[in-house]
Structure formats: structure tokens, C-alpha cells
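Sequence lines, in order, name chains A and B. Take 0 as the starting number for the first sequence in numbering that gives the first Met the number 0 and just add one per residue. Take 0 as the starting number for the second sequence in numbering that gives the first Met the number 0 and just add one per residue.
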Amino acid sequence: MIEVSHLVKSYRDLKAVNDVSFKVEKGEILGFLGPNGAGKTTTMRMITGVLPPTSGSVKVAGFDVFEKAMEVKRRIGYLPETPPVYTDMTVRAYLRFVAEIKGVRRKQRQGEVDRVAVTTNCDKFIQRVIGNLSKGQRQRVGLAQALLNDPEVLILDEPTVGLDPAQIIEVRELIKSLAGKHTIILSTHILPEVVATCQRVLMLASGRVVADDTLKGLQKTHAGAATADGGMGPAPSLEEIFLKLTSA
Amino acid sequence: MKNAIAIAKKELNIYFATPIAYVMFTLFVVIGSYFFLRLLGAYEQASLQFMRFNQPEAANRLNFQDVIFRNLFGNLGVILVFIIPFLTMRLVAEEKRQKTIELLYTTPVTPSQIVWGKYLASLVILTCALLLTVTYPALVQLVAKDANGVEWRSVGLGYLGLFLMGAAYMAIGLFISSLTESQVVAALITFVVLLMTWIIGWSSSESEGWMREFVTYLAAVSHLDSFGKGTLDLKDVVYFLSIITLGLFATNRAVESHRWS
């Protein structure tokens, strides 16, 4: 569904993303990990077509992000780092506007807005002006916006930032329930979240891919080194693997 | 086109959800009314004088268009120079600062639809502002039953001139707003540029020959005045339309290139 090959983004001498390649199959949830400044957001922005890569290519559903930009945009729901909300609009007006530019037909628009508002729990404050909402509420409006028009691919940049523990669990459940039908790339700093929701983990460190495997596979690869007697050691936690890979 | 209208609706929603449109309308009408009352007073004085000295010929030549409306349109044009920077400053700059431009970039909307949507909204705001001032000729018409009344054709042409000039200014403001993330910077630069289109006309009296004609052509005021006189000249229409085209084209380029920076 998503095919990233040899993606490079450089700012003068700094290579923010350095030769990143990976594939995401249809219906998969990919956990995108890495320390701050590893290039997660930059990679996601290149996948959505906001940022042009220095070299390399991205294909979504078989369409090149730059040559067939419109086809790709129709299939992607994107939640950037900062939720792209207009602080002077009400939640309802905002969602209606996004539904309109995403091409939801007039007759279905109301129903579609209500559907995403209910799934993301925005329906309680749908009449309020976004500027007066809390950070977590804005985050949920951003998530609701990404879900509009039911896109095949969801790119979520730290979707649970600013949410309270109960809401984090809700969003996690929501993302899990979207698996299968939707292809999701999820970036986060919260490692248990990856354990709970993602089938596969992609780890970046200073712009390079340092791990691309299932969680079990990662534990297997890194367990051997953990013991001295040559046998299988205790399965390391994702934290341990993360620290080991990113500190190098 | 559908997307452009959706964006225009969103812009209008924000214009009227924030105080900016109301504040600018109020300023426009308050200052406009002050000028209107001054001109009305001047007309009154002139006609009294002609009556006192028994000059019916001069009194006959006195008409609303020349004494009141032609000057009024010039004055309203000056006020537009002051209020349009504040109406256009937000348009693209704020989207960049709040990162909402990323939303527009990741939805199936083209840069030209973004530009058209925003420009359409600004034209609606301009039309609203101008419609508020139609009260002036309407008031004159109401009280001037015995005189010849208002020449609505000339007044209409004056409004067409004001609209075209406002539309050209909006295009300039939109372009400058697309160059920066700061609303204040956008407003300031727009104001300076719009002011230049007026004060460049002053130097026309100091130059001669083709230079003089060139400077006069560049100045917006001479084109607006031509409409105010009640004439429709192709060269004035072309002047404003070319500014609009240039402004929108440049904005389109700026919006398109923003993501490459």
C-alpha cells in the first residue's frame, strides 16, 4: 500500500532523512519510533506530499506522491504534529469544511461529520469554537479531520499527545479497530502504545532505519546478545531495544 | 470551482467570526461619512452663494456628481488604502503560521483553488464594504427631489471603479500575505505598496513628456478619477485587471513554491 524507496531529505549539509526504504502492506499498522529529531515527522510529511524529498520516491496505493498527487491525496488522512485546526471556527464548521474539500457529497456531509465526531468523542463539544478547546480536545478534532471521508491510508503523527489516560486508551482502541481495512503509520514516543497497537515497528535514528521488524522478531534478534551462556535470554522489552538501537 | 467556493466560505466564516471585518466596515463607514458630510456642506455653501449673488447659470451647472460623488469616490479610495491591508494580511500568512496550510496541501485541493477561494472571499468583503456606502447617494436622492437628482449611471461607474481598484488592492495584499508568516509584516508591506500607488501620482507634475504620462498611468488615483467623472475607459479597466491578474498569478506561484522552501 505504501512504498518508500531510498528517501532522502537534506537541508544543506544536514541529512534529516538518509536513504529510508520500507513497505507497508494493506491493513497493516506500522509503529514509527525514534528519538526526537530522528526524521519521523519529516518522513511522514514526505509521504503525504507536504514536503518534497531531495531524492527517492514514495508510492501510495501504486501512485507516485508527486506525479499523481491528487490520487494520493484522495486516499490519505493525515494528522500532523500540530493539529491543523482553524481556531476561530467551531468544530462543526471546521469538520464540514474539511469534508467539503475532501469531496464528501453534500447529502452525506452531515452524516460523515457526525460519524467521525462520535468515533473520536468530539460530539460533546462540536458546537464550541476550537480556540477555546483544550489541547487534548483539539488533538481529537485533528484526528476526526483525518478520518473524514474514510481514507484508505492514515498517517498519524503522535495522535495521543495531550490526551488523558482514559482518552489514550480510547484512541488506541479506535486505531486498533481501524486495522485491516485501513493502512496506518503511527508515530509515537510512547513505547507501550506501539506494543498495544502495532504489528510492525520501524525505528529511525539520525535519519536512518535501524530496525524494521515485527515486535516478536525484534525481541528474537536482540535476545541472543543479552545472555552470556549462548542460550536464549529473557525477551528484552521494547524500551531496552529502543535504547540499544538509538544510542549507537 | 467547488473547492474554491468551499475555501471562500471558510474564509468568510472566519472574517465574520473574528472582529476584523466588523472593525474595518465601521472604520470605512465612519471615515466615509465624515468625508460625505464635508462634501455635502461644500455643495450647500456653493449653491447658497450662487443664489445670493443671483447666478442661475452657475447654479444650474452645479451638480451632485462633480461636487460630491467624484470627490467622494476619491476619498473612499484613500480609505481603501488604509483598510485593505488589514483585510488581506491574514489570508495566507495565518495559514502558514498555524500550519493549517498542511491540511490544504494534503487534501485534494490545488494551489489555484486555494488562491481563488481566498480571493473570492476578499471580493465579497469588498462588496459588502462598498454596499454600505450606497447610503450616501441614496440619502442625496431622498432629499434632492426638486433638483436634478443623482446621476445613477455615473455613480454606478464610480462604484465600478472603486470595486476594480479595491479588487486590485486585494490581489496585491493577498500576494504579500502569501510571502510571510507574520500578519503584521504582511499588513505593513501591503500598506506601503498601496500607498505608493497613490503618491507616485504626485511626482507626475514634476516630470515631462513620456515620463509624465507613464507616471500618471502607474498611479491608481488617475484611473479611479476617470471612473468618478462618469466615463468608462478601456485603459482604466485594463490597468486594474492587469494588477489583479499579476497579483493572483504571483500568489499562485508563492503558494505552490511554499512547500519547496
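Cβ atoms here follow ideal geometry from the backbone N, Cα and C, with glycine treated the same way. Computed from a predicted structure; not experimentally measured.
Item	Value
Give the DSSP bridge partners of L29(A), in chain order.	I184(A), R199(A)
Note the first and the last residue of the continuous alpha helix (DSSP H) segment covering A116(A).	105 to 118
Going by the C-beta, is P52(A) closer than 8 angstroms to any heavy atom of the ligand SAM?	By its list of ligands, the structure shown contains no ligand whatsoever, and the ligand SAM lies outside what it can speak to.
Confirm, please, whether the CB-CB distance from M23(B) to F85(B) is below 9 angstroms.	yes
Quick check: is the beta carbon of E2(A) nearer than 9 angstroms to any beta carbon in chain B?	no
For L6(A), decide whether its Cβ has a neighbour in chain B, counting only Cβ atoms nearer than 9 angstroms.	no
Under 7 angstroms between beta-carbons, which chain A residues line up against A16(B)? List them in chain order, please.	D87, M88
According to DSSP, is R11(A) part of a helix, a strand, or is it coil?	coil
Taking three-plus beta-carbon pairs below 8 angstroms as touching, is the region 172 to 181 of chain B in contact with the region 74 to 88 of chain B?	yes
With DSSP run on the structure shown, which of helix, strand or coil describes D235(B)?	helix
Candidates Y104(B), S206(B), A57(B): which alpha carbon is nearest E70(A)'s?	Y104(B)
Put Y118(B) into one of helix, strand or coil per three-state DSSP.	helix
So the candidates are S176(A), V84(A), E99(A); which of them puts its Cα closest to the Cα of T196(A)?	S176(A)
Is the Cβ of Y104(B) closer than 9 angstroms to any Cβ of chain A?	yes
Would you call E10(B) buried or exposed, if buried means 16 or more other Cβ atoms sit within 10 Å of its Cβ?	buried
Given that a residue counts as buried once 16 or more other Cβ atoms are within 10 Å of its Cβ, and exposed if not, what is K101(A)?	buried
Using the C-alpha atoms, what's the distance from F31(A) back to L201(A)?	5 angstroms
Compare the Cα-Cα distances from V16(A) to each of N148(A), K22(A), G55(A), M88(A) and report the closest residue.	G55(A)
Got a sec: which bits of the region 99 to 131 of chain A sit with their beta carbon under 8 angstroms from any beta carbon on chain B, in order along the chain?	E99, I100, K101, G102, V128
Throw me the rounded Cβ distance for the Y14(B) and A5(B) pair, which I believe falls under 8 angstroms.	Incorrect: roughly 15 angstroms between the Cβ atoms, too far for contact.
What did DSSP end up calling T89(A) once you bin it into helix, strand or coil?	strand
Any C-beta of chain A sitting closer than 9 angstroms to the C-beta of V108(B)?	yes
Considering only DSSP beta bridges, list what V128(A) is partnered with.	T89(A)
Taking C-beta pairs closer than 7 angstroms, name the residues in chain A that I13(B) reaches, listed in chain order.	Y85, D87, M88
Rounded to whole angstroms, what's the CA-CA distance from Y42(B) to V123(B)? Just pull it up for me.	33 angstroms
Any beta carbon of chain B sitting closer than 9 angstroms to that of A225(A)?	Reliability fails at A225(A), whose pLDDT of 48 lies under 50, so the model's placement of it is uncertain and no value is given.
Checking contacts by CB at 9 angstroms: is K98(B) closer than that to chain A?	yes
Rounded to the nearest angstrom, what separates S256(B) and D65(B) at their Cα positions?	47 angstroms
For K117(B) and L247(B), what's the separation of their Cα atoms in angstroms?	10 angstroms
What is the DSSP secondary structure of G76(A), counted as helix, strand or coil?	strand
Taking all protein chains shown into account, do 16 or more other C-beta atoms lie within 10 angstroms of the C-beta of D235(B), making it buried, or fewer, making it exposed?	buried
With 9 angstroms set as the bound, which would you pick, yes or no: does the beta-carbon of Q136(A) sit closer than that to a beta-carbon of chain D?	Among the protein chains of the structure shown, namely A and B, there is no chain D.
Report yes if the CB atom of T106(B) is closer than 9 angstroms to the CB atom of V84(A), and no otherwise.	no
Assuming T42(A) is part of the alpha helix (DSSP H), what are its boundary residues?	39 to 47
Under 9 angstroms between C-beta atoms, does N251(B) make it to chain A?	no
Indicate whether the contact test is met: 3 or more Cβ pairs, each with one atom in the region 184 to 202 of chain B and one in the region 212 to 221 of chain B, closer than 8 angstroms.	yes
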